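>
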Amino acid sequence: AKKPYALELRHDFSDEDLSLSLLGMPAESDWVLQGPYMFDRSLNRNRIIYELSNQVGRPAMRTEYIEVFVNQNGNDLTYSDYVGVYVLIEKIKRDPNRIDVEKVSTQMTTEPDISGGYIFKIDRIDPGDTGFIAGGQEWAYVEPKESEIEQVPEQQTFIRNYISDFLSALNSSNFTHPTTGQHYTEFVDFGSIVDHHLLNELMLNVDALRLSAYWYKPREGLLQAGPVWDFDRSAESDDSRDNSP
Numbered sequence: 005a006k007k008p009y010a011l012e013l014r015h016d017f018s019d020e021d022l023s024l025s026l027l028g029m030p031a032e033s034d035w036v037l038q039g040p041y042m043f044d045r046s047l048n049r050n051r052i053i054y055e056l057s058n059q060v061g062r063p064a065m066r067t068e069y070i071e072v073f074v075n076q077n078g079n080d081l082t083y084s085d086y087v088g089v090y091v092l093i094e095k096i097k098r099d100p101n102r103i104d105v106e107k108v109s110t111q112m113t114t115e116p117d118i119s120g121g122y123i124f125k126i127d128r129i130d131p132g133d134t135g136f137i138a139g140g141q142e143w144a145y146v147e148p149k150e151s152e153i154e155q156v157p158e159q160q161t162f163i164r165n166y167i168s169d170f171l172s173a174l175n176s177s178n179f180t181h182p183t184t185g186q187h188y189t190e191f192v193d194f195g196s197i198v199d200h201h202l203l204n205e206l207m208l209n210v211d212a213l214r215l216s217a218y219w220y221k222p223r224e225g226l227l228q229a230g231p232v233w234d235f236d237r238s239a240e241s242d243d244s245r246d247n248s249p
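Using this note's numbering, you'd call the opening residue of the sequence shown number 5 and step up by one each time.
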């Protein structure tokens with residue numbers, strides 16, 4: 005048993021982020037140390053699905069196995085500091101080598117600038133955030149952060165309306181009709197949601213589409229499903245709900 009860690013690289017004795025390449029992965033400052041144990045005794049489920057997603061052309065975070073030592077007393081490093089095998093994972097964020105969407109600044113209030121890029125998720129709300137409701141569904145901001153986007157009502161309105169229009173079209177009885185209704189693919193990339201469903205279904209993911217479900221929207225582009233994230237309760241794990249597709 006071991007706790008997970010968020011890992012942020014900084015310059016010595018400062019709050020300035022430091023981007024470095026770790027184990028051959030593209031340079032960045034923000035990483036995740038995942039400690040599989042409770043449900044994923046193979047330590048391998050996230051690595052498998054992230055790699056498979058990348059192979060089929062849907063961007064997912066890169067991973068590497070590492071062994072972690074945590075030295076809290078400042079003495080020489082020994083095996084008493086050893087805390088186990090971890091998976092080093094790229095953190096989901098806006099970056100050309102991770103989720104390649106444009107930065108939305110607080111000055112952007114009109115189209116086309118306001119149309120992207122955004123990253124958001126269906127998941128538990130982060131501490132201090134309240135999330136937002138769109139299309140009858142609760143969402144959480146990822147980028148821009150909630151503290152940033154709440155300063156720009158126009159951006160909040162745009163992304164809420166876009167999601168609501170997408171879900172309204174999708175849930176309509178005419179959701180694929182070319183003339184009597186809005187086709188849902190006017191809002192979302194069809195291939196991305198097909199691949200996202202297939203990847204989740206392949207692994208029998210218990211949390212599919214309801215937790216750790218990320219989405220992003222490029223500027224002047226369609227909504228994209230993904231990247232896949234957090235598959236510890238999948239593929240015949242210790243959670244019995246994934247015993248059957």
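Here a beta-carbon is modelled for each residue, glycine too, at the ideal position from N, C-alpha and C. As the structure is a computational prediction, the values presented were derived from the model and not from experiment.
Classify Gln-38 as buried or exposed, calling it buried when 16 or more other Cβ atoms lie within 10 Å of its own Cβ.
buried
> Is Asp-127 closer than 9 Å to Ala-138 when the C-beta atoms are compared?
no
> For Asp-117 and Asp-169, I'd like the C-alpha separation in whole angstroms.
19 Å
> Pick from Leu-174, Asp-85, Ser-151 and Lys-95: whose alpha carbon is nearest that of Asn-75?
Asp-85
> Spell out the partners DSSP gives Thr-67 in its beta bridges.
By DSSP's assignment, Thr-67 forms a beta bridge with Ile-93.
> Name the residue from Val-192, Phe-124 and Val-156 whose alpha carbon lies nearest to the alpha carbon of Gln-111.
Val-156
> Do the CB positions of Val-108 and Ile-153 come within less than 9 Å of each other?
yes
> Leaving out the 5 sequence neighbours to the left and right, which residues in its chain are closer than 8 Å to Gln-141 when beta-carbon positions are compared?
Ile-126, Ile-167 and Leu-171
> Judging by CA-CA distance, which residue of Tyr-41, Asp-104, Asp-242 and Gly-28 is the nearest neighbour of Pro-63?
Asp-104
> Using the rule of at least 16 other Cβ atoms within 10 Å of the residue's Cβ for burial, across every protein chain shown, is Pro-30 buried or exposed?
exposed
> Name the residue from Lys-97, Leu-226 and Pro-131 whose alpha carbon lies nearest to the alpha carbon of Asp-193.
Leu-226
> Extract the residue ranges of the beta strand (DSSP E) inside the stretch 177-221, only unbroken runs of 3 or more that lie entirely within it.
217-221
> Going along the chain, which residues of its own chain have a beta-carbon closer than 6 Å to the beta-carbon of Phe-162, five neighbours each way excluded?
Ile-118
> State the DSSP-derived secondary structure class of Gln-141, mapped to helix, strand or coil.
strand
> Whole angstroms is fine: what's the gap from Ser-216's alpha carbon to Phe-179's?
26 Å
> Tell me, which residues are paired with Glu-147 by DSSP?
The partner list for Glu-147 (beta bridge, DSSP) reads Ile-123.
> According to DSSP, simplified to helix, strand and coil, what is Gln-228?
strand
> From the DSSP output, in three-state form, read off Glu-154 for me.
It is coil, neither helix nor strand.
> Going by beta carbon distance, what residues of the same chain come within less than 7 Å of Tyr-41, once the five residues before and after it are set aside?
Excluding positions up to five away in sequence, the list reads Ala-5 and Lys-6.
> Quick check: the Cα distance between Leu-22 and Gly-120, rounded to an integer number of angstroms?
26 Å
> Please go through the same chain and pick out, in chain order, the residues whose beta-carbon is closer than 7 Å to the beta-carbon of Leu-92, but skip the five residues on each side of it.
Around Leu-92: Leu-26, Leu-27, Trp-35, Leu-37, Thr-67, Glu-68 and Ile-70.
> Which two residues bound the contiguous alpha helix (DSSP H) that contains Glu-55?
49-59
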